[in-house]
Amino acid sequence: MAGKLTAKGERTRSRIIAGAADEIREYGPGVTTLDDILFRTRTSKGQLFHYFPRGKEELLLAVARHEAQRVLDDQQPHLGQLTSWRAWQAWRDAVVERYRQQGPTCPLAVLMTELGRSTPAARAVTGQLIDQWEQDIFEGIKSMQGSGRISDAVDARQAARALLAGIQGGVSILLSTGDVAHLEAALDTGIAALRP
């Protein structure tokens with residue numbers, strides 16, 4: 000949306016996004032209509048198009064950004080404090096629990112499919128999520144290297160990428176089977192490989 004929003008406008012826009020996210024999480028984007036979102040958020044059609052002039056596609060993109068941020072937020076404070084092996088274990092447990100609770104449906108994956116994974120906007124949302132997640136893991140590894148708990152011989156960037164790829168692979172299998180065992184194995188093996 001062009002222009003800067005007032006504080007009230009930002010709250011209204013955020014309320015619409017959060018309500019749309021809840022509706023989509025509950026019923027799916029293919030079933031959810033703009034009227035469903037208007038009803039859930041107690042928003043008029045004029046308000047919705049004021050904040051999302053391009054309609055449903057623009058709103059879905061905002062919801063995808065919201066869901067991507069939730070992926071990271073659900074791992075906090077652990078992901079931002081990977082400074083001890085206990086913290087790494089707490090992060091691992093938070094990731095597994097998040098996906099265990101989510102089960103074999105991923106609102107973000109469904110939204111990306113609805114938006115078209117290859118569209119520039121959808122790729123940007125996914126890219127920003129992956130970049131931030133990788134950076135947080137990388138910074139955790141560098142912190143542990145700084146305190147001598149992880150060897151300096153470990154390539155922190157490559158290790159962060161491998162851990163993230165393992166998580167994504169485990170999540171992909173979870174979405175296909177409903178089983179978190181592969182996700183747990185990827186995290187356990189990836190973290191164990193960091194230990195001296």
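Sequential numbering of the sequence shown, starting at 0, is according to numbering that gives the first Met the number 0.
No residue lacks a Cβ here, since even glycine has one placed at the ideal position from N, Cα and C.
Cβ-based neighbour list, residue i, same chain, cut-off 7 Å, excluding 5 preceding and 5 following
i: residue 159; result: 133, 136, 137, 140
i: residue 88; result: none
i: residue 200; result: Shown here, the chain extends from 0 to 195; a query on residue 200 therefore has no answer.
i: residue 166; result: 94, 182, 185, 186
Residues near residue i in its chain [Cβ-Cβ closer than 8 Å; skip 5 each side]
i: residue 176; result: 103
i: residue 144; result: 150, 151, 153, 155
i: residue 35; result: 22, 26
i: residue 46; result: 11, 15
i: residue 142; result: 81, 82
Sub-7 Å separation of residue i and residue j beta-carbons
i: residue 99; j: residue 179; result: yes
i: residue 60; j: residue 120; result: yes
i: residue 22; j: residue 41; result: no
i: residue 201; j: residue 195; result: Since the first and last residues shown for the chain are 0 and 195, residue 201 lies out of range.
i: residue 58; j: residue 51; result: yes
i: residue 162; j: residue 126; result: no
Same chain, Cβ closer than 6 Å to residue i, five either side skipped, listed in chain order
i: residue 1; result: A caution first: residue 1 carries a pLDDT of 48, below 50, which makes its placement in the model unreliable, though a value can still be read off. If we look at residue 1 and ignore the five residues flanking it on each side, it has no Cβ neighbours.
i: residue 214; result: In the structure as shown, the chain starts at 0 and stops at 195, and residue 214 therefore has no counterpart that could be examined.
i: residue 157; result: none
i: residue 172; result: 181
Closer than 6 Å: residue i CB and nearest the ligand HEM heavy atom
i: residue 68; result: This structure lacks the ligand HEM; in fact it carries no ligand of any kind.
CA nearest to the CA of residue i, picked from the options
i: residue 11; options: 130, 43, 185; result: 43
i: residue 111; options: 95, 56, 143; result: 56
i: residue 18; options: 6, 83, 122, 63; result: 63
i: residue 193; options: 84, 170, 8, 3; result: 84
i: residue 24; options: 86, 101, 148, 128; result: 101
Inter-residue CB distance, residue i and residue j (contact presumed, cutoff 8 Å)
i: residue 191; j: residue 168; result: Residue 191 to residue 168, Cβ: 17 Å. No contact.
i: residue 113; j: residue 29; result: 7 Å
TODO: Say whether the region 65-75 touches the region 103-114, bearing in mind that this needs 3 or more beta-carbon pairs closer than 8 Å, one atom from each stretch.
DONE: yes
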